[in-house]
Structure formats: C-alpha cells, structure tokens
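Chain order of the listed sequences is Z and X.
The opening residue of the first sequence carries number 1 in UniProt numbering; numbering runs sequentially from there.
The opening residue of the second sequence carries number 1 in UniProt numbering; numbering runs sequentially from there.
To start, the structure under review is shown below, and the notes come after it.
2 protein chains.
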Amino acid sequence: MSAGARPTLRDVATQAGVSPAIASRVLNADPTVRVREETRERIQGVAKDMGYVPHSVARSLRGARTGAIGLVMHGLDSPINVDVLAGAQAACARAGYVTLLADAEQLAGDHSQLSAFLARGRLDGVILHSGYGEEDRLLEAITSSVPAVLVNSEDGRPVPTVRVDDAAAARLATEHLIELGHREIAYIAGPEGSQTSDRREAGYRDTLARHDLGGAVDVVHAGWSAGAGTTAVHELLRRPTLPTGLVVANAVAASGVLSAFRDAGLAVPGQVSVITIHDSWFLQHLSVALTAVRLPLQVLGATAADLLIDTIEGRSPVRDVAITEPAPELVLRRSTGPTSRR
Amino acid sequence: MSAGARPTLRDVATQAGVSPAIASRVLNADPTVRVREETRERIQGVAKDMGYVPHSVARSLRGARTGAIGLVMHGLDSPINVDVLAGAQAACARAGYVTLLADAEQLAGDHSQLSAFLARGRLDGVILHSGYGEEDRLLEAITSSVPAVLVNSEDGRPVPTVRVDDAAAARLATEHLIELGHREIAYIAGPEGSQTSDRREAGYRDTLARHDLGGAVDVVHAGWSAGAGTTAVHELLRRPTLPTGLVVANAVAASGVLSAFRDAGLAVPGQVSVITIHDSWFLQHLSVALTAVRLPLQVLGATAADLLIDTIEGRSPVRDVAITEPAPELVLRRSTGPTSRR
DNA sequence: TTGTAGGCGTTATCAC
DNA sequence: GTGATAACGCCTACAA
Chain Z
1 MSAGARPTLR
11 DVATQAGVSP
21 AIASRVLNAD
31 PTVRVREETR
41 ERIQGVAKDM
51 GYVPHSVARS
61 LRGARTGAIG
71 LVMHGLDSPI
81 NVDVLAGAQA
91 ACARAGYVTL
101 LADAEQLAGD
111 HSQLSAFLAR
121 GRLDGVILHS
131 GYGEEDRLLE
141 AITSSVPAVL
151 VNSEDGRPVP
161 TVRVDDAAAA
171 RLATEHLIEL
181 GHREIAYIAG
191 PEGSQTSDRR
201 EAGYRDTLAR
211 HDLGGAVDVV
221 HAGWSAGAGT
231 TAVHELLRRP
241 TLPTGLVVAN
251 AVAASGVLSA
261 FRDAGLAVPG
271 QVSVITIHDS
281 WFLQHLSVAL
291 TAVRLPLQVL
301 GATAADLLID
311 TIEGRSPVRD
321 VAITEPAPEL
331 VLRRSTGPTS
341 RR
Chain X
1 MSAGARPTLR
11 DVATQAGVSP
21 AIASRVLNAD
31 PTVRVREETR
41 ERIQGVAKDM
51 GYVPHSVARS
61 LRGARTGAIG
71 LVMHGLDSPI
81 NVDVLAGAQA
91 ACARAGYVTL
101 LADAEQLAGD
111 HSQLSAFLAR
121 GRLDGVILHS
131 GYGEEDRLLE
141 AITSSVPAVL
151 VNSEDGRPVP
161 TVRVDDAAAA
171 RLATEHLIEL
181 GHREIAYIAG
191 PEGSQTSDRR
201 EAGYRDTLAR
211 HDLGGAVDVV
221 HAGWSAGAGT
231 TAVHELLRRP
241 TLPTGLVVAN
251 AVAASGVLSA
261 FRDAGLAVPG
271 QVSVITIHDS
281 WFLQHLSVAL
291 TAVRLPLQVL
301 GATAADLLID
311 TIEGRSPVRD
321 VAITEPAPEL
331 VLRRSTGPTS
341 RR
C-alpha cells in the first residue's frame with residue numbers, strides 16, 4: 001500500500017494478522033460471527049489506525065444496493081420547489097442514503113445525461129418531481145430501471161404517488177375570501193396541464209358551488225412564474241369589471257399579481273383581495289404582505305423519500321399518499337380584506 | 001438471464017457470438033480495435049435489442065473514476081445559494097458527471113452521513129460551498145479523500161478557490177449612492193466571519209475612502225436572512241440620526257430591511273436609499289422594487305465545476321479564480337434616489 | 001481480427 | 001473461532 005492510496009480491507013486484515021473474511025465481518029458487526037474479544041479489538045484498532053474506509057463501489061458491486069437515491073426535480077428557480085427538494089434530501093440523508101440531483105428538463109432533453117443518471121448500479125430508486133412536461137417519457141425510462149415515487153401527481157399512476165392536499169388548500173383560500181364578503185372570485189391557475197393546479201381549481205370550484213356561487217366561476221390561465229401572474233392581471237384589467245377577490249395558484253405567480261396591481265395603481269386589499277397557496281419567506285416582504293395557505297412542502301418531500309425507502313428496503317408501502325398532517329393552514333397577512341363592492 | 005434482470009456485457013457477447021472483450025471494445029468505441037464492420041453492427045444490434053446498459057458500479061470498480069461529483073451546499077432556503085447550486089449542477093451534467101447533493105450543516109453534524117457521502121469510490125471530487133461555520137473540519141475530511149474546489153472563499157487555501165468579484169460589486173453599489181449625493185452610507189454586513197461579506201465590506205470602505213469619506217464608515221453586523229436585515233434596521237432606528245443610504249450585503253437581508261422601513265413608516269428612497277448585492281427574481285416584487293448589483297452566480301457554480309473537472313481529468317487548472325466576466329452590473333429599480341438631506 | 005485471463009474490493013458460503 | 005474461495009460486471013494486457 002503506497003502512501004497516497006487508501007488501505008483496503010485486505011491491508012487491514014493482513015496488518016491485524018487475520019483473513020479478510022473475519023475483518024469484514026467484525027467491521028460490519030456481523031452478529032453471527034463469534035471472535036475473541038481480543039481479535040475484535042485488534043481488527044478495529046488497526047482499521048482505525050490505518051484510516052480504513054470501506055469502498056462503497058466494491059460493496060455495491062457485491063451486494064445489490066448502492067445507498068443512493070435520485071432526485072429528479074424541476075423549477076429550482078422557485079423556492080416552492082426547493083422546499084420539496086430540501087425535505088426529500090434531508091429525509092434520505094437521515095435514512096443513510098446519499099442523493100443524486102438532476103434537473104428534469106435537462107434529463108429529458110439529453111439522452112446521454114439520462115443514461116449516465118440511470119446507469120445500472122448507480123441508484124436504488126428515484127423520486128420524480130412531477131411537472132407538466134416531459135414527465136411521461138422520463139417516468140418510463142426511470143421505472144424500467146429502478147423503483148420510483150412520483151411527487152405531486154394524480155394517483156392511479158403505475159408508481160406510488162405522494163401529494164399534499166391541494167384541494168383543501170384551495171377551499172380554505174376560497175372560504176376565506178367568501179367570509180370576507182367576496183362574491184366575485186377568480187382563480188389564477190398554473191400552466192395548462194398541471195395536475196397540481198387542476199386539483200386546486202377543483203377545490204375552488206367546490207367551494208363556490210357549496211356557497212351557491214357556481215355561476216361565478218372565473219378561471220384565468222397563467223403559470224407558475226411571476227411574469228405569468230403579471231400577465232394574468234393585465235388580462236383582467238382589460239375587462240369592464242374586476243373580480244373583488246383572487247385565489248392565485250402559487251406564491252411566485254402571486255408576486256407578479258401584486259406587482260401588476262401596484263403598477264396599475266390598484267389598492268390591495270382595498271380594491272382587490274389576493275390570497276395564494278404556499279407560504280414562503282418572501283411573502284411578507286412583497287409590495288403588500290401576502291396572505292397565504294401554508295402547505296407542508298418539506299413534509300411532502302420527506303414523505304416521498306420515506307415511501308421510496310420503504311419500497312427499496314422491502315417493507316411494503318402504501319401506494320398513494322395524500323398528506324393531511326399538518327393540515328393546510330391560513331396565514332393571515334395584509335392582502336385580503338372585506339370587499340368594498342356589493 | 002432471467003426476465004427481470006438486466007443483461008450483462010457477457011450476455012450480449014454470447015448472444016452476438018463474440019467474446020466479452022470484443023463486445024466491450026466495440027461498445028466503448030475503442031479506436032484501437034479493428035473489427036469487421038459486420039461484427040460491429042451485430043454487437044451493437046444485440047446490445048440495443050437486449051437493452052444493454054453498462055453497469056456503472058462495475059465500471060468504476062475496474063477503473064478509478066465514478067463520474068460523480070459531490071455538491072456540498074448550505075443555505076438552500078436562499079435563492080442566492082440555489083443559483084450557485086443550479087450553475088454547478090448544470091455544468092457537471094454537461095460534462096457528463098452526475099451530482100450528489102449534500103447539506104453542509106447536516107454533513108458536519110452527522111458523522112455517519114459524512115462517511116456515507118465520502119465513502120471510497122463514490123465521488124471523483126467535491127465542490128464545497130464555503131459558508132462561515134463548520135467549513136474547516138469538513139474541508140479537511142473532504143480533501144483527504146478527493147479533490148475539492150472551494151466556492152466563495154478567500155484564496156490562499158489548501159485547495160483551489162472560485163469566487164465572484166465581491167469587492168467590485170460593493171464598490172459599484174457604493175459609487176451609485178455617492179453619485180446620488182449620499183454622504184452618510186452604512187454597510188449592512190453578513191454574519192460575522194463571512195469572507196464574502198468581508199470582501200464586500202472592503203469594497204465599500206475602499207470607495208468611501210476614495211471619495212474622502214473614510215471617516216463616515218459605518219458597518220452594522222447582521223446576517224444573510226431577512227430577519228437579520230430587519231434587526232439591523234431596528235438597531236439603526238435607535239440612533240439619533242439615520243444614514244441616508246444603505247448598502248446591504250445580500251438581497252434576502254435587504255428584503256427584511258425594506259419591510260422594516262415600511263413598518264416603521266419610513267419612505268424608501270425618500271428618506272433612505274437602499275441598494276443590495278445579488279439580483280434575483282423577487283427583487284422587483286418587494287415593497288419597493290429593489291435596486292441591486294447583479295453578480296454572475298450561476299457562472300460561479302459552473303466555473304467551480306469546470307475547475308474541478310479539469311483537476312479530475314488531469315488538465316492542470318489555474319489555482320484560484322476570481323470571476324470578472326460578466327462584470328458586476330447595476331440593475332436600477334426604485335429603492336435608490338437622490339438624498340434629501342445635506 | 002478475436003479470445004483468455006486476471007483483478008478491482010467486498011461479502012457470503014462453506015470448510016477446517 | 002477463523003480462513004479459503006468464489007462471485008458481482010467490467011476492462012485490458014497479452015496471447016493466438
């Protein structure tokens with residue numbers, strides 16, 4: 001063993017005067033092995049002295065596991081998505097897994113990146129953050145090589161699914177506006193095809209219907225970005241009359257909504273009330289501190305990780321999980337108030 | 001080979017009627033091998049038909065490389081840091097590396113997480129996002145096992161270093177306020193011990209000195225969070241007089257600064273001008289659209305990745321890189337204006 | 001032009 | 001109690 005090279009198990013064994021087999025079992029605390037206390041201590045001492053570190057690659061070649069989980073995310077420019085990432089990453093780390101991070105768009109767009117990521121033996125499983133684009137092709141490539149969990153998708157998919165209670169969050173937001181006296185409430189949606197946005201829209205429609213306001217349903221398609229929120233407002237401003245309340249599907253888009261109203265000289269909540277879904281640090285610093293429904297996004301990521309790890313380790317997991325604990329929670333700030341009209 | 005199992009190189013070779021050696025060389029496009037065109041096509045055809053995917057673990061056990069780079073980050077709750085992450089991740093992916101993501105605090109606080117991450121054979125190198133805490137212990141553990149690059153640190157470290165031109169950014173910010181007529185300009189610093197903040201502070205001091213304002217140096221220690229910015233303002237408000245201009249070390253902290261002024265009923269920029277360093281999507285949506293100096297953070301991450309990859313692949317890299325291209329750039333919004341006082 | 005064999009570092013099986 | 005040995009899948013001298 002030369003100076004720079006790390007010692008192998010064989011080096012340790014030789015140095016301790018035992019066979020590699022014994023050294024391996026002692027260092028892995030194999031409960032079925034019976035060795036003299038003295039031998040055990042000698043081996044452990046030598047390993048420590050030589051700075052022995054097990055070779056994870058050799059280990060996973062022998063066994064079948066790698067101790068690594070892939071996180072395929074998108075939209076990391078939004079803090080909302082980063083929350084999910086952070087929750088998943090932390091849960092994996094707690095369970096002893098390292099995490100490989102990839103960007104869904106990059107992976108879908110570059111075949112060689114995808115195969116590097118899914119190379120055999122690299123990953124024990126993948127958490128796929130469900131967006132609204134290339135998802136299906138990606139999902140197929142992934143599931144054909146390792147177990148996967150889908151975050152934020154509808155259930156009834158070929159793989160287990162985890163999501164927060166988007167409908168309940170939207171209901172809570174809509175109820176809040178109704179309680180304040182609003183009757184003309186629009187929903188500013190996410191991008192077309194987003195299941196997350198669709199579930200929120202369903203909650204919004206539900207709530208209007210339950211209050212006999214089903215005829216007032218008013219959905220404006222926008223997107224997840226601040227720019228999309230701004231565009232949506234410009235669209236509203238072209239109408240003869242404005243809704244008095246807005247449920248915005250996402251906090252980043254809501255930022256753009258608020259700025260657009262500020263630039264148009266409309267008072268929030270004086271002329272329009274705005275509430276959004278997702279809470280984040282920046283909401284209280286916007287042009288008007290933004291009222292929101294808090295959703296447990298870190299828990300979402302962590303639950304996906306736990307579910308995947310259960311699958312990997314052979315504990316049979318539930319299939320589709322809708323997270324209800326902690327429940328969506330109203331975070332009151334200054335962007336909603338009683339309606340002036342009617 | 002059973003139904004579920006993926007085919008191995010040997011399976012492909014057998015099926016194609018050749019030896020594993022030939023199959024390996026053909027599939028890896030070994031330029032020194034000379035095979036009949038027909039044989040080559042047969043091998044490639046069989047590999048494709050069987051869905052052969054090389055086993056990355058076996059490959060890296062044989063060779064020494066794993067094709068994986070570790071990203072040790074901190075503060076992913078701030079979009080500023082996420083920008084660096086995204087730049088590094090994308091650059092690694094472009095170069096054919098997968099990325100392992102870990103959180104610096106978690107790694108420093110949990111020994112078993114650290115050894116799982118640094119397990120032999122797992123990583124070809126590590127990008128360490130330099131913070132202000134556990135960095136040194138972490139750095140030692142990392143560098144003793146793989147090549148590393150430090151992002152955002154001073155140079156003169158035992159490993160190569162990459163950073164943006166923090167001093168120039170602070171100079172630009174300070175100059176801007178001076179040009180607007182401000183003479184009492186405070187610097188709202190990051191946390192104690194942050195080298196990034198120190199470099200910005202140096203730029204600020206420089207600029208004051210160059211304008212014969214050296215006596216007006218006024219540094220308030222805060223931190224990177226919005227809360228820290230708010231606290232710093234509260235501290236300022238206890239003074240008999242306020243500075244007329246503020247250079248805030250970081251855009252997240254600056255959010256808290258603006259909110260604190262709003263809550264205190266002070267007009268920005270009427271009574272105080274505020275400029276910050278780092279641009280991000282949320283700045284234009286704050287209570288006052290925030291003027292900032294844009295710094296190329298994605299480029300920072302990407303440069304760190306490129307530098308590390310050069311090291312790994314044996315191209316001798318420069319040691320310490322200060323990124324000057326693109327240069328820091330002033331992004332004018334509404335939070336700075338001529339001073340009313342003096 | 002193609003094949004054989006050895007070994008990367010581990011761990012599981014079986015024998016002593 | 002402990003040790004030899006084989007195998008995981010791949011790559012690459014060297015041989016034919």
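Where is the CB? At the ideal position from N, CA and C, for every residue including glycine.
Keep in mind it's a predicted model, so treat the numbers as computed, not measured.
Exposure of residue i, with buried meaning 16 or more beta-carbon neighbours within 10 Å
{"i": "residue 168 (chain Z)", "result": "buried"}
{"i": "residue 79 (chain Z)", "result": "buried"}
{"i": "residue 314 (chain Z)", "result": "exposed"}
{"i": "residue 256 (chain X)", "result": "buried"}
{"i": "residue 33 (chain Z)", "result": "exposed"}
{"i": "residue 17 (chain X)", "result": "exposed"}
{"i": "residue 36 (chain Z)", "result": "exposed"}
{"i": "residue 209 (chain Z)", "result": "exposed"}
{"i": "residue 64 (chain X)", "result": "exposed"}
Close-in-space but distant-in-sequence residues of the same chain around residue i (CB under 7 Å, 5 per side omitted)
{"i": "residue 204 (chain X)", "result": "170, 174, 187 and 247"}
{"i": "residue 196 (chain Z)", "result": "152, 166 and 190"}
{"i": "residue 296 (chain Z)", "result": "164, 323 and 326"}
{"i": "residue 221 (chain X)", "result": "189 and 192"}
Inter-residue spacing [alpha-carbon to alpha-carbon] between residue i and residue j
{"i": "residue 244 (chain Z)", "j": "residue 329 (chain Z)", "result": "22 Å"}
{"i": "residue 90 (chain X)", "j": "residue 96 (chain Z)", "result": "26 Å"}
{"i": "residue 276 (chain Z)", "j": "residue 260 (chain X)", "result": "23 Å"}
{"i": "residue 339 (chain Z)", "j": "residue 294 (chain X)", "result": "40 Å"}
{"i": "residue 307 (chain Z)", "j": "residue 318 (chain Z)", "result": "8 Å"}
{"i": "residue 124 (chain X)", "j": "residue 66 (chain X)", "result": "6 Å"}
{"i": "residue 224 (chain Z)", "j": "residue 292 (chain Z)", "result": "15 Å"}
{"i": "residue 232 (chain Z)", "j": "residue 267 (chain Z)", "result": "17 Å"}
{"i": "residue 177 (chain X)", "j": "residue 271 (chain X)", "result": "13 Å"}
{"i": "residue 83 (chain Z)", "j": "residue 131 (chain X)", "result": "20 Å"}
{"i": "residue 249 (chain Z)", "j": "residue 200 (chain Z)", "result": "7 Å"}
{"i": "residue 298 (chain Z)", "j": "residue 87 (chain Z)", "result": "4 Å"}
{"i": "residue 258 (chain Z)", "j": "residue 180 (chain Z)", "result": "19 Å"}
{"i": "residue 361 (chain X)", "j": "residue 81 (chain X)", "result": "Because chain X is modelled from 1 through 342, residue 361 (chain X) falls outside the range shown and cannot be assessed."}
{"i": "residue 27 (chain Z)", "j": "residue 13 (chain Z)", "result": "11 Å"}
{"i": "residue 252 (chain Z)", "j": "residue 212 (chain X)", "result": "43 Å"}
{"i": "residue 229 (chain Z)", "j": "residue 274 (chain Z)", "result": "12 Å"}
Contact with chain Z by residue i, beta-carbon distance below 8 Å
{"i": "residue 137 (chain X)", "result": "no"}
{"i": "residue 281 (chain X)", "result": "yes"}
{"i": "residue 125 (chain X)", "result": "no"}
{"i": "residue 57 (chain X)", "result": "yes"}
{"i": "residue 6 (chain X)", "result": "yes"}
{"i": "residue 255 (chain X)", "result": "yes"}
{"i": "residue 296 (chain X)", "result": "no"}
{"i": "residue 153 (chain X)", "result": "no"}
{"i": "residue 197 (chain X)", "result": "no"}
{"i": "residue 213 (chain X)", "result": "no"}
{"i": "residue 84 (chain X)", "result": "no"}
Rounded distance between the beta-carbons of residue j and residue i, thought under 8 Å
{"i": "residue 98 (chain X)", "j": "residue 304 (chain X)", "result": "Rounded, the Cβ-Cβ distance is 16 Å, inconsistent with contact."}
{"i": "residue 119 (chain X)", "j": "residue 56 (chain Z)", "result": "4 Å"}
C-beta neighbour in chain X for residue i, strict 8 Å
{"i": "residue 120 (chain Z)", "result": "yes"}
{"i": "residue 34 (chain Z)", "result": "no"}
{"i": "residue 149 (chain Z)", "result": "no"}
{"i": "residue 77 (chain Z)", "result": "yes"}
{"i": "residue 158 (chain Z)", "result": "no"}
{"i": "residue 271 (chain Z)", "result": "no"}
{"i": "residue 337 (chain Z)", "result": "no"}
{"i": "residue 259 (chain Z)", "result": "yes"}
Heavy atom of the ligand NAP within 7 Å of residue i beta-carbon
{"i": "residue 256 (chain X)", "result": "Ligands in the displayed structure: none, and consequently the ligand NAP is not present."}
Chain-order list of residues whose beta-carbon lies under 8 Å from that of residue i (same chain, five-residue window excluded)
{"i": "residue 218 (chain Z)", "result": "184, 185, 186, 187 and 243"}
{"i": "residue 146 (chain X)", "result": "70, 118, 123, 124, 125 and 126"}
{"i": "residue 106 (chain Z)", "result": "113"}
Same chain, Cβ closer than 6 Å to residue i, neighbours up to 5 away in sequence not counted
{"i": "residue 262 (chain Z)", "result": "287"}
{"i": "residue 148 (chain Z)", "result": "126, 128, 142 and 159"}
{"i": "residue 1 (chain Z)", "result": "Any reading at residue 1 (chain Z) needs caution, since the residue's pLDDT is 32, under 50, leaving its predicted position unreliable; the model's value is listed next. Counting only Cβ-Cβ distances below 6 Å, and skipping sequence neighbours, we find 7 and 11."}
{"i": "residue 331 (chain X)", "result": "279, 292 and 294"}
{"i": "residue 335 (chain Z)", "result": "268, 269, 274, 288, 290 and 291"}
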